[in-house]
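Each residue of the sequence shown is one higher than the last, beginning at 1131 in the working numbering.
Quick reminder that beta carbons are idealized off the backbone N, C-alpha and C, glycines included.
In this text the structure is predicted, and so the values were computed from the model without any measurement.
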Amino acid sequence: MDRLMHYHSLDICWGNHDITWMGAAAGSKECIATVLRIQARYGNFDILEDGYGINMLPLATFAMKAYADDPCTLFRIIDRERSDYDDVETSLNMKMHKAISIIQFKLDGQLFRRHPEFHMESRMLLDKIDYQKGTILLEGKEYRLLDTNFPTIDPEDPYRLTDEEEYVMDRMQSAFRQCEKLQAHMQFLLNKGSLYRVYNNNLLYHGCIPLDEQGEFEQVEIYGRKFAGRQLYDELEKYVRRAFFSVSSEERQKGCDIMYWIWCSPKSPLFGKNKMTTFERYFIAEKETHVETKNPYYRLMDNEEVMNRVLAEFGLGPDGHIVNGHVPVLQSQGESPSKCGGKVLVIDGGFSKAYQKQTGIAGYTLTYNSYGMNLVAHEPFTSKEDAIQNETDIHNDKIITIRARERILIRDTDIGKKIKGRISDLMKLLDAYRSGVIAESASRS
């Protein structure tokens, strides 16, 4: 982020993880809990402690006390080798991981109960648990929980935070809000970023355009009003910015709450699945409960009629391209990042190390010049030591080339169109001087 802030020209399309960090910086406790839980899950607390100077002691102290005799075996660091962690650190990380996870599930319930218009009641799961039997009832079927130790949950009021949990979240909220470096980074994301970008006949976004089964734009309710397609993106972005800039505390809170909705709602264009099964993946062994069904958009990505309708919604013609992120392409299983005859390019190939076992690669880079587009796939990078000893480096494979029918000139680009507009204005000004409509100034610099 520090390096990007000094780069001469860039723009950013926000993803769902960006939104949670932005929401955390704005003070959303739900987003803060999510950020903390994910850092614990992947052993990345050093980003918060060393990178941002956020004190994790309140959470650590609470976790050691509340889960002192709990091994928290379901909350191990995943998909990452941490040889630098000793047994004590690993145990503490697992306790903190469980502590913040339970807090997040409680905050989820409070938020969804506070906003029935979010239609997220089905994700309020703590009241579905039989705490005596150690089971949970989901969609009419009872499942046994893998962990039944919930010392901070009151079965009569399962979504209420304990006084200690309230204290932890108040401290975390204050730390996130007052961290100057984090605030600077998030302001940079706000200034340079957006939920979508239209540039040089390309449409860029993260996730999906919510569609119904027939491929029509789905109507999505946002605080009592319904939006679809481009209007949905524009409305959501307004609320994201209100979380930071509105003078109304009520509007700022709405912005904070909508950012968590963007993170996990089935109707969110940045999530695009029928549910986020975080609780089930932690506590239930049956894989059937872990399934997250994708929005019909993903099934229709090869439908040219539907994709042309998406392009038209954002003011582009059928010769445009959609550059899509969010769902990793499983190249190891033969999946192609090119959809709909090259009209749609899915560029998420597992840049994050946690996904590289699934995707088989370490992400894509899409390059664009006057001749067209090239999609490059990267091999996973092991370590600096391996690169030096074996004289290896990051290996790239050019896997897709889309050539322009005619070489693209500056005048064909969005910047070129602005330059032509300025030239036109200057010519009109020159004509006005020559015709006497505007008198030349007597003073000259």
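Could you work out which residue in Arg1253, Tyr1137 and Ser1571 is closest to Glu1578 when comparing CA atoms only?
-> Residue 1578 lies beyond the range of the chain shown here (1131 to 1575); nothing can be said about it.
Reduced DSSP category for Ala1442 - H, G, I as helix; E, B as strand; rest coil = On the sequence shown, residue 1442 is found 312 positions in, with the first residue counted as 1. Here Ala1442 sits in helix by DSSP.
Use the C-beta contact count for Ser1575: other C-beta atoms within 10 angstroms, 16 or more gives buried, fewer gives exposed.
-> If you number the sequence shown from 1, residue 1575 lands on position 445. Because Ser1575 carries a pLDDT of 49, less than 50, the predicted location of this residue cannot be relied on, and the following value inherits that uncertainty. Of the residues assessed, Ser1575 falls on the exposed side of the cut-off, its CB having fewer than 16 other CB atoms within 10 angstroms.
By the 10 Å Cβ neighbour count, where 16 or more other Cβ atoms means buried, how is Thr1531 classified, buried or exposed?
-> If you number the sequence shown from 1, residue 1531 lands on position 401. Exposed is the call here.
Once you ignore the five residues that flank Ser1324 on each side, which residues in its own chain have a CB closer than 8 Å to its CB?
-> Sequence index remark: in the sequence shown, residue 1324 carries index 194 (1-based). The residues Asp1141, Ile1142, Cys1143, Trp1144 and Glu1367, in chain order, have a CB closer than 8 Å to that of Ser1324 in the same chain once the five nearest residues on each side in sequence are set aside.
Hey, could you find the ends of the beta strand (DSSP E) Asp1497 is sitting in?
-> Indexing the sequence shown from 1 puts residue 1497 at position 367. Before going further, note that residue 1497 is Thr rather than Asp in the sequence given. That run of the beta strand (DSSP E) goes Tyr1494 to Asn1499.
Pairwise C-alpha distance: Lys1322 and Arg1301 = Along the sequence shown, read from residue 1 onward, the residue named residue 1301 stands at position 171. Along the sequence shown, read from residue 1 onward, the residue named residue 1322 stands at position 192. Between Arg1301 and Lys1322, the C-alpha separation is close to 29 Å.
Is there contact between the stretch 1169-1183 and the stretch 1282-1291, where contact requires at least three CB pairs shorter than 8 Å?
-> no
With distances taken from CA atoms, which of Val1350, Glu1435, Glu1422 and Asn1404 is nearest Phe1388?
-> In the sequence shown, counting from the first residue as 1, residue 1388 sits at position 258. A small fix is needed here, since residue 1388 is Ile in this sequence, not Phe. Of all alpha-carbon atoms in Val1350, Glu1435, Glu1422 and Asn1404, the one lying nearest the alpha-carbon of Ile1388 is that of Val1350.
Do you know offhand how far Pro1399's Cα is from Leu1556's?
-> Taking the first residue of the sequence shown as position 1, residue 1399 is located at position 269. Taking the first residue of the sequence shown as position 1, residue 1556 is located at position 426. The alpha-carbon atoms of Pro1399 and Leu1556 are separated by roughly 42 Å.
Give the single residue among Asp1542, Ile1177, Thr1423 and Val1476 whose Cα lies nearest to the Cα of Cys1394.
-> The residue you call residue 1394 lines up with position 264 of the sequence shown. Among Asp1542, Ile1177, Thr1423 and Val1476, the Cα nearest to that of Cys1394 is on Thr1423.
Please report how far the alpha carbon of Leu1319 lies from the alpha carbon of Ser1379, in whole angstroms.
-> On the sequence shown, residue 1319 is found 189 positions in, with the first residue counted as 1. On the sequence shown, residue 1379 is found 249 positions in, with the first residue counted as 1. Leu1319 and Ser1379: Cα-Cα distance of roughly 22 Å.
Check whether the stretch 1292-1308 touches the stretch 1430-1440, counting contact only when three or more Cβ pairs, one atom from each stretch, lie closer than 8 Å.
-> no
Can you give me the Cβ contacts of Gly1502 inside the same chain, cut-off strictly under 6 Å, excluding the 5 residues immediately before and after it?
-> As a working note, residue 1502 is residue 372 in the sequence shown. The residues are Ile1532, Arg1533 and Ala1534.
Label Val1165 either buried or exposed according to how many other C-beta atoms from any shown protein chain fall within 10 Å of its C-beta, with 16 as the threshold for buried.
-> Counting from one through the sequence shown, the residue named residue 1165 turns up at place 35. By the 10 Å Cβ count, Val1165 comes out buried.
Secondary structure of Glu1410, DSSP reduced to three states = Along the sequence shown, read from residue 1 onward, the residue named residue 1410 stands at position 280. Three-state DSSP puts Glu1410 in a helix.
For Arg1537, which option in Met1194, Lys1558, Ile1545 and Tyr1498 has the closest C-alpha, if you only look at C-alpha atoms?
-> Taking the first residue of the sequence shown as position 1, residue 1537 is located at position 407. Restricting attention to Met1194, Lys1558, Ile1545 and Tyr1498, the CA atom closest to the CA of Arg1537 is found in Tyr1498.
Please state whether DSSP places Lys1403 in a helix, a strand or coil.
-> Residue mapping note: residue 1403 aligns to position 273 of the sequence shown, counting from 1. Lys1403 falls in the strand class under three-state DSSP.
How many Å lie between Thr1292 and Lys1236 at the Cα?
-> Within the sequence shown, the letter at position 162 stands for residue 1292. Within the sequence shown, the letter at position 106 stands for residue 1236. So the two alpha carbons sit approximately 10 Å from each other.
Phe1357 to Ile1207, Cα distance in whole Å?
-> The sequence position of residue 1357 within the sequence shown is 227, counting from 1. The sequence position of residue 1207 within the sequence shown is 77, counting from 1. If I take the Cα positions, the gap works out to 39 Å.
Compute the distance between the beta-carbons of Leu1312 and Ala1155, then report whether it is under 7 Å.
-> Along the sequence shown, one-based indexing puts residue 1312 at 182. Along the sequence shown, one-based indexing puts residue 1155 at 25. Yes, the pair counts as a contact, with Cβ atoms nearer than the cut-off.
At least 3 beta-carbon pairs within less than 8 Å: the stretch 1402-1418 vs the stretch 1178-1196 | no
By Cβ distance, which residues of its chain are closer than 8 Å to Gly1385, with the 5 residues on each side in sequence left out?
-> Start at 1 with the first residue of the sequence shown, and residue 1385 comes out as number 255. Closer than 8 Å at the Cβ level, and outside the excluded window around Gly1385, lie Ala1156, Tyr1369, Val1370, Arg1371, Arg1372, Ala1373, Phe1374 and Ser1376.
The beta strand (DSSP E) with Met1503 in it runs from where to where?
-> The count along the sequence shown starts at 1 and reaches residue 1503 at position 373. Gly1502 to His1508 is the span of the beta strand (DSSP E), which, as asked, contains Met1503.
Sufficient close CB pairs (3 or more, under 8 Å) joining the stretch 1218-1228 to the stretch 1191-1200 = Judged by pairs of C-beta atoms under 8 Å, the stretch 1218-1228 touches the stretch 1191-1200, as three or more such pairs exist.
For the putative contact between Leu1276 and Leu1341, defined by C-beta atoms under 8 Å, what is the C-beta separation to the nearest angstrom?
-> Working through the sequence shown from its first residue, we reach residue 1276 at position 146. Working through the sequence shown from its first residue, we reach residue 1341 at position 211. Not confirmed; about 36 Å, so no contact.
Determine the extent of the alpha helix (DSSP H) in which Ile1549 is found, giving its start and end residues.
-> The residue you call residue 1549 lines up with position 419 of the sequence shown. Note, Ile1549: alpha helix (DSSP H), Asp1544 to Ser1565.
So what does Lys1356 bridge to, in DSSP terms?
-> As a first step, residue 1356 is located in the sequence shown; it is residue number 226 there, counting from the start. According to DSSP, Lys1356 bridges with Glu1351.
Which residues mark the beginning and the end of the beta strand (DSSP E) in which Thr1265 is found?
-> By one-based count along the sequence shown, residue 1265 stands at place 135. Thr1265 -> beta strand (DSSP E) spans Thr1265 to Leu1268.
Can you give me the start and stop residues for the alpha helix (DSSP H) that His1227 sits inside?
-> Here the question's residue 1227 lines up with position 97 in the sequence shown. Taken as a continuous stretch (DSSP letters only), the alpha helix (DSSP H) holding His1227 covers Asp1217 to Arg1244.
Using three-state DSSP, classify Ser1468 as helix, strand or coil.
-> Position 338 of the sequence shown, counted from the first residue, corresponds to residue 1468. Ser1468: strand per DSSP, three-state reduction.
Rounded C-alpha distance that separates Ala1190 from Cys1161 = Against the sequence shown, residue 1190 aligns to sequence position 60. Against the sequence shown, residue 1161 aligns to sequence position 31. In a straight line, the C-alpha of Ala1190 is about 19 Å away from that of Cys1161.
In angstroms, rounded to a whole number, what distance separates the CA positions of Ile1549 and Arg1541?
-> As a working mapping, residue 1549 is identified with position 419 in the sequence shown. As a working mapping, residue 1541 is identified with position 411 in the sequence shown. One C-alpha to the other measures close to 8 Å.
Would you report the Cα separation of Thr1150 and Ser1231, rounded to the nearest angstrom?
-> Translated into the one-based positions of the sequence shown, residue 1150 becomes position 20. Translated into the one-based positions of the sequence shown, residue 1231 becomes position 101. Thr1150 and Ser1231 have their C-alpha atoms roughly 15 Å apart.
Could you check what DSSP says for Leu1255 in three-state terms: helix, strand or coil?
-> Stepping through the sequence shown from its first residue, residue 1255 is reached at position 125. In the structure shown, Leu1255 sits in coil (DSSP, three-state: anything other than H, G, I, E or B).
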